[in-house]
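Take any residue in the sequence shown, note its place counting from 1, add 19, and you have its number in this note's numbering. Virtual Cβ for every residue (Gly too), placed ideally from N, Cα, C. All of these numbers come straight from a predicted model, not from anything done at the bench.
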Amino acid sequence: MSDVELDYPFLMDAALRSVVRDVLNLTKELGSAPGEHHFYIEFATQAAGVDIPDSLLMTYPERMTIVLQHQFKDLEITDERFSVTLWFKGEPSHLVIPFDAITIFADPSVQFELRFSNFDTPAVDDAETAVNEAAEADDNEEPDPSADIVSLDAFRKK
Numbered sequence: 020m021s022d023v024e025l026d027y028p029f030l031m032d033a034a035l036r037s038v039v040r041d042v043l044n045l046t047k048e049l050g051s052a053p054g055e056h057h058f059y060i061e062f063a064t065q066a067a068g069v070d071i072p073d074s075l076l077m078t079y080p081e082r083m084t085i086v087l088q089h090q091f092k093d094l095e096i097t098d099e100r101f102s103v104t105l106w107f108k109g110e111p112s113h114l115v116i117p118f119d120a121i122t123i124f125a126d127p128s129v130q131f132e133l134r135f136s137n138f139d140t141p142a143v144d145d146a147e148t149a150v151n152e153a154a155e156a157d158d159n160e161e162p163d164p165s166a167d168i169v170s171l172d173a174f175r176k177k
């Protein structure tokens, strides 16, 4: 018998990230998003492998959302990441975004959205640490005597 446990949330995230990869590959083949489709892609700017201009990193220190529809160029997709050139304030900017850095992928034209939970960023790690510390603090606190349970049986119709 094996001690290996299946990490279903990780496996689901990996499968759903392949949907994003497939959509971007189709978009590259077509030269733009098909029909009325357009994609909102939110990603963690501090995630490993993200490469964006410093000016964007200063403006978006934790998360950034980009839109892909018609006005982009140089879309390249690999198994681990994609890169694209977009314009910000009239200036072209080349962005490299690992699929693992994506937090949300949405296509509002068909009301489709994927939210990802398995990504590794300092901000996420800090948030998880804060939540865990708060939970530990709650476990160590004495119960509040004013938090009594009130029975509603007397008010119910019989």
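(message) Assuming contact is defined by CB atoms lying nearer than 8 Å, are Met-31 and Phe-62 in contact in what I supplied?
(response) Within the sequence shown, the letter at position 12 stands for residue 31. Within the sequence shown, the letter at position 43 stands for residue 62. It is not a contact, given that the beta carbons lie outside the stated cut-off.
(message) In whole angstroms, give me the CA-to-CA distance for Glu-48 and Phe-107.
(response) Sequence index remark: in the sequence shown, residue 48 carries index 29 (1-based). Sequence index remark: in the sequence shown, residue 107 carries index 88 (1-based). Taking the straight line joining both Cα atoms gives about 24 Å.
(message) Taking the straight line between their C-alpha atoms, what separation do you get for Asp-22 and Phe-29?
(response) In the sequence shown, counting from the first residue as 1, residue 22 sits at position 3. In the sequence shown, counting from the first residue as 1, residue 29 sits at position 10. The alpha-carbon atoms of Asp-22 and Phe-29 are separated by roughly 18 Å.
(request) Determine, using beta-carbon pairs with one atom in the segment 49-57 and one in the segment 65-83, whether at least three such pairs fall under 8 Å. (result) These segments do not touch.
(request) Any chance you could list the alpha helix (DSSP H) runs of at least 4 consecutive residues sitting entirely within the segment 20-53, in chain order? (result) Residue ranges of uninterrupted alpha helix (DSSP H) with 4 or more members, entirely inside the segment 20-53 and ordered along the chain, are 27-49.
(message) Run through the DSSP bridge pairs and tell me what Ala-125 is partnered with.
(response) Counting from 1 along the sequence shown, the entry for residue 125 is found at position 106. According to DSSP, Ala-125 bridges with Tyr-59 and Glu-132.
(request) Let me know the secondary structure DSSP gives Phe-91 once reduced to three states. (result) As a first step, residue 91 is located in the sequence shown; it is residue number 72 there, counting from the start. Coil at Phe-91, not helix or strand.
(request) For Glu-132, collect the residues of the same chain with a Cβ closer than 6 Å to its Cβ; drop the 5 residues on either side in sequence, then sort them by chain order. (result) For this step, residue 132 is matched to residue 113 along the sequence shown. Within the same chain, Ala-125 come within 6 Å of Glu-132 by CB-CB distance, once the 5 residues on both sides are set aside.
(message) Pull the bridge partners of Ser-102 from the DSSP assignment, please.
(response) By one-based count along the sequence shown, residue 102 stands at place 83. DSSP lists Glu-95 and Val-115 as the beta-bridge partner residues of Ser-102.
(request) Output the distance between the C-alpha atoms of Leu-45 and Pro-72, rounded to the nearest integer angstrom. (result) Here residue 45 refers to the residue found at position 26 when the sequence shown is read from its first residue. Here residue 72 refers to the residue found at position 53 when the sequence shown is read from its first residue. Between Leu-45 and Pro-72, the alpha-carbon positions lie close to 26 Å from each other.
(request) Measure the alpha-carbon distance for Thr-104 versus Pro-80 and round it to whole angstroms. (result) Mapped onto the sequence shown, residue 104 falls at position 85. Mapped onto the sequence shown, residue 80 falls at position 61. Distance between the alpha carbons of Thr-104 and Pro-80 is about 19 Å.
(request) Starting from Met-83, follow its DSSP beta bridges and name the residues at the other end. (result) Residue mapping note: residue 83 aligns to position 64 of the sequence shown, counting from 1. DSSP lists Phe-62 as partners of Met-83.
(request) Determine, using beta carbons only, whether Leu-87 and Ile-121 come nearer to each other than 8 Å. (result) Here residue 87 refers to the residue found at position 68 when the sequence shown is read from its first residue. Here residue 121 refers to the residue found at position 102 when the sequence shown is read from its first residue. Against a cut-off of 8 Å, the Cβ pair of Ile-121 and Leu-87 comes out as no contact.
(message) Using the Cβ count rule (16 or more neighbours within 10 Å means buried), how would you classify Ala-34?
(response) Within the sequence shown, numbered from 1, the residue matching residue 34 stands at position 15. Ala-34 should be labelled exposed.
(request) Please check the pair Ile-116 and Phe-101, which I expect to be a contact at CB under 8 Å, by giving their CB distance rounded to whole angstroms. (result) The count along the sequence shown starts at 1 and reaches residue 116 at position 97. The count along the sequence shown starts at 1 and reaches residue 101 at position 82. Here Ile-116 really is in contact with Phe-101; their C-beta atoms are around 6 Å apart, less than 8 Å.
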